[in-house]
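Encoded as structure tokens, the structure appears first; notes follow it.
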Amino acid sequence: MEIPIIYQLYLSIIIFTIGLIGVFLNRKNLIVLLMSIELILLSANINFVSFSNYYKNIIGQIFVFFNLSISAAEAAVGLAIIVIFFRKKGSIHVDDINTLKG
Amino acid sequence: MLLSDIKLFSPEIILILGAIFILLYGIFFKKDKNSNKKILYISLISLIASFYCSIYVVDIETNSFNNLLNNNLYTLFFKILVFFGTIVIIYISYDYLKDLSIITPEFFFLILLSLVGILVLISSRNIISMYLGLELQSVCLYILASYRKYDIKSSEAGVKYFIIGALSSGILLYGLSIIYAFTNSTDFYEISKSINLSLQSNENFLIINIGFILILCGLFFKIAVVPFHMWAPDVYEGSPTSITAFFTTIPKIGVIAFLMKFLNTTFESYSDAWFQILYLVSVISMILGSIAAVNQSNIKRLLAYSSISHMGFILIGILTANHIGIKSVQLYISIYMVNVLGIFTCILCLKNKINGYYLEDIKNFSGLLKKNPFLSFSFAILLFSLAGIPPLSGFFGKLYILISAIESKLYVLSVIAVLTSIISAFYYLRIIKVIFFDEPINDIYINITAISRLIIFITLIISIFLIIFLSDFLEIINTTALINN
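Protein sequence lines correspond, in order, to chains B and W.
Take 1 as the starting number for the first sequence in my numbering and just add one per residue.
Take 1 as the starting number for the second sequence in my numbering and just add one per residue.
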């Protein structure tokens, strides 16, 4: 049984919204922020894969491979930066990112 | 087929090989005291070789890698600009980072790789190559922002830049996925064809509108214009100064070049939609950029707000979407790059004599005139030029943007642009007043090397004498413009 394409689109939109809400409402932890950003990237990947399957066009799936490696690289760099920040500040609480302000 | 692709991709290949060689050299010759000096020369050689290749080896009007990349005179213009800027930044960073004793081979590696990302972004004609280039550039920039890792400000700037940058790439990617879902293609020209087809048959547009707006949001985050600017002052203040000079110029040139090409080829039929968005964004960034900078005491924060208002100015040229607008953006952004690099080179020469810190607070610049007249006059001329005082180069950038706005009958927008540039003249003049007329607060130690003297001298020559060779420069821009009449 094939799942209608519109439901796949709904799924990706729901995941994208969860990610966005997670970024904007989260006041606790930088790692949660990182996870929300990963959710946003994955929701875009769901779109690419499902429409690639729908159109029988391979380009979308190729792009997903690139995206996965990019998001892995981004997460690695982000975690490293968070570790550096933790060493200096002793906390990864979002409210503690307050040294620089205008 | 493959061989010709490699030939067309040779500038980027040279840069990547140079970057990898630098990393290996840094590992194997760690004990060598002069290794950083040698690495500086290696990176300069690879930059110049790549510059040579992009002019003489790469054929123009060609596509490579199955239409992923497209080389023409328009991309060549921006590539040359980016190369010049990077050479200047590598030179000024070398002295600055050596002075802070945080110089490592990774710095040159990251700068070269982010340059590769920008070059790919400028010449992309497919959403895959565009996204890959943008990400390669931004991942390198996240690391560069937190490069001074024992400094709390720098690591915090890195965290902020990473979160905002990753969020904006996520939003951009979701927009791209919607465009792919709607048009079933990743090539910019094919996307434009299927959008035109659907416009003729009056299909459902809501979804493609959302995708288009998400893409624009992602790109606006990258060039820091007003609803998406919050990160810029903090990140610019926290990062090491020479890297701030990189942030304010080179990645923005890449994204602006891409944005103009993208709007004018792929979404040409959507010009009504993006005209209104860009109009709003440009007005509020000019107003906020010039008003918020008035209260700033840190020069890096001030330059961040000033870059926001300059980006608003550039958006005027983009939104007019006629041939004059695009040419004036090319003129404006090259003048902006030269002036900003000159100002940052001047800032990097000034240190506090007692504790050896680099000066960032504007009131500490007082009494510079007595210490070093050359530096203070060049500061003044470059700031006058950014403010747009007539015989200097910044004036011509603003003039041509305003001409393009008036030709498109955007009278309200031109009035706002003129008023905000008057407000921004105030804070540039305040720096000049501090340098020339205030009583000295503390002792300034001036550390000006021969190279930075040369860089300041060249930027001064360009700002003062652009009026003489303006017609030649406009001729160059005419031949490299995206749209010709």
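Glycine included, C-beta positions come from ideal geometry on N, C-alpha and C.
Q: Please check if any C-beta of chain B sits within less than 9 Å of the C-beta of L24/W.
A: no
Q.
Here's a check: name, in chain order, each residue in its chain whose Cβ is nearer than 8 Å to the Cβ of I5/B, leaving out the five neighbours to either side.
A. S50, F51, Y54
Q) Which two residues bound the contiguous alpha helix (DSSP H) that contains S64/W? A) Premise fails: S64/W lies in the beta strand (DSSP E), 62–64, not in any alpha helix (DSSP H).
Q) So, I90/W versus I48/W, is the Cβ gap smaller than 9 Å? A) no
Q) Closest Cβ-Cβ distance between Y55/B and chain W: below 9 Å? A) yes
**Q.** the region 67–78 of chain B: positions lying closer than 8 Å to chain W by Cβ
**A.** N67, I70, A73, E74, V77, G78
Q) Are the Cβ atoms of S36/B and N26/B separated by less than 9 Å? A) yes
Q. In or out: N485/W buried (at least 16 other Cβ within 10 Å) or exposed?
A. Low confidence applies to N485/W: its pLDDT is 44, below 50, so where it sits in the model is not reliable, and the reading given next is rough at best. Classification of N485/W: exposed, given that the 10 Å Cβ count is below 16.
Q | Contact set for I277/W: own chain, Cβ-Cβ below 7 Å, skip 5 residues either direction | A | L216
Q) When burial is assigned at 16 or more other CB atoms within 10 Å of the CB, is Q330/W buried or exposed? A) buried
Q) Can you tell me the Cα-Cα spacing of S169/W and M130/W, whole angstroms? A) 11 Å
Q: Ignore the nearest five residues each way along the sequence and tell me which others in L132/W's own chain have a CB closer than 7 Å to its CB.
A: V120
Q) So is S376/W buried or exposed if we call it buried at 16+ other beta carbons inside 10 Å? A) buried
Q) From the DSSP output, which residues share a beta bridge with I80/W? A) Paired residues: none, contrary to the question.
Q.
Taking only three categories from DSSP, how would you classify I70/B?
A. helix
Q. Going along chain B in order, which residues have a C-beta closer than 7 Å to the C-beta of K149/W?
A. I84
Q | Helix, strand or coil at Y445/W according to DSSP, with G and I counted as helix | A | strand
Q) Considering only residues of the same chain and omitting the five flanking positions on each side of L3/W, which have a CB-CB separation below 6 Å? A) none
Q.
Any beta carbon of chain W sitting closer than 9 Å to that of K89/B?
A. yes
Q. Residues of chain B with CB under 7 Å from F486/W, in chain order?
A. Nothing can be reported for residue 486/W, as the shown portion of chain W is limited to 1 through 485.
Q | chain B contact residues for E156/W, given Cβ-Cβ distances below 7 Å | A | F85, I97, T99, L100
Q.
Tell me which residues of the region 17–43 of chain B have at least one Cβ-Cβ distance to chain W shorter than 9 Å, keeping chain order.
A. G19, L20, V23, L30, L33, L34, S36, I37, E38, L39, I40, L41, S43
(Q) As an exercise, report each continuous alpha helix (DSSP H) stretch of at least 4 residues that is fully enclosed by the region 186–262 of chain W, in chain order. (A) 188–200, 206–223, 231–238, 241–261
Q: Anything in chain B within Cβ reach of T459/W, meaning under 8 Å, just list it in chain order.
A: Within 8 Å Cβ-Cβ: nothing; T459/W doesn't reach chain B, min ~28 Å.
Q.
Counting only Cβ pairs nearer than 8 Å, list the residues of chain B close to N184/W.
A. F51, Y55, N57
Q) Thinking C-alpha only, which one of H310/W, F83/W, L482/W is nearest I326/W? A) L482/W
Q: Flag this pair as yes or no: are the beta carbons of S309/W and S424/W separated by less than 9 Å?
A: yes
Q: Using only alpha-carbon positions, find the residue among G356/W, P391/W, S366/W that is nearest to E439/W.
A: S366/W
Q: Just grab the DSSP bridge partners of L69/W for me.
A: S64/W, S124/W
Q.
Looking only at its chain, what residues have a beta carbon closer than 6 Å to the beta carbon of F344/W, apart from the 5 residues adjacent to it on each side?
A. A245
(Q) Comparing C-alpha positions only, which one of L341/W, L350/W, V225/W sits nearest to L288/W? (A) V225/W
Q) According to DSSP, what are the bridge partners of N53/B? A) For N53/B, which the question treats as bridged, DSSP gives no partner whatsoever.
(Q) Among S192/W, F205/W, W274/W, A157/W, whose alpha-carbon lies nearest the alpha-carbon of T241/W? (A) A157/W
Q) Quick one: is K28/B buried, meaning 16 or more other Cβ sit within 10 Å of its Cβ, or exposed? A) exposed
Q | Contact between the region 312–323 of chain W and the region 387–403 of chain W (3+ Cβ pairs under 8 Å) | A | yes
**Q.** 8 Å contact criterion, which L34/B and G78/B should meet: CB distance rounded
**A.** 6 Å
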